[in-house]
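According to the working numbering, the sequence shown is numbered sequentially starting from 2. All C-beta atoms, glycine included, are put in the ideal place defined by N, C-alpha and C. The structure under discussion appears below in the form of structure tokens.
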Amino acid sequence: MPLGLSFVLIGFFLWVAENGATYVGAWSYPHQLDGWEPVALTKFGAWALLISVTFVLVERTRRRRGGDPAAV
């Protein structure tokens, strides 16, 4: 599976989980105080971007420390 597709899928499932959590009342955003509404679709893109940036930062940190990814 292409890495970009995996970032998009992870972002999508995090967005779905966030909608589920707000639906059952784990937390509420200000626009959901009068009743449940789905989390904005823009959050899906934010989750995908967060995952991709996280992977890049971890990879750069591992290379800088000289860690062997195969050893983990």
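Residues in its own chain within less than 7 Å of residue 15 by CB, not counting five upstream and five downstream? 48
Own chain partners of residue 7 with C-beta closer than 8 Å, once the 5 adjacent residues on each side are dropped: So the list is empty, once near-sequence residues are dropped.
By DSSP, does residue 30 sit in helix, in strand, or in coil? DSSP places residue 30 in coil when its eight states are reduced to three.
Beta-carbon spacing of residue 67, residue 45 below 7 Å: Going by beta carbons, residue 67 and residue 45 fall outside the 7 Å limit.
Using the C-alpha atoms, what's the distance from residue 2 back to residue 58? 21 Å
Exposed or buried, what is residue 25 when buried is set at 16 or more other beta-carbons lying within 10 Å of its beta-carbon? exposed
Residue of 53, 17, 5 minimising C-alpha distance to residue 42: Considering only alpha carbons, the answer is 17.
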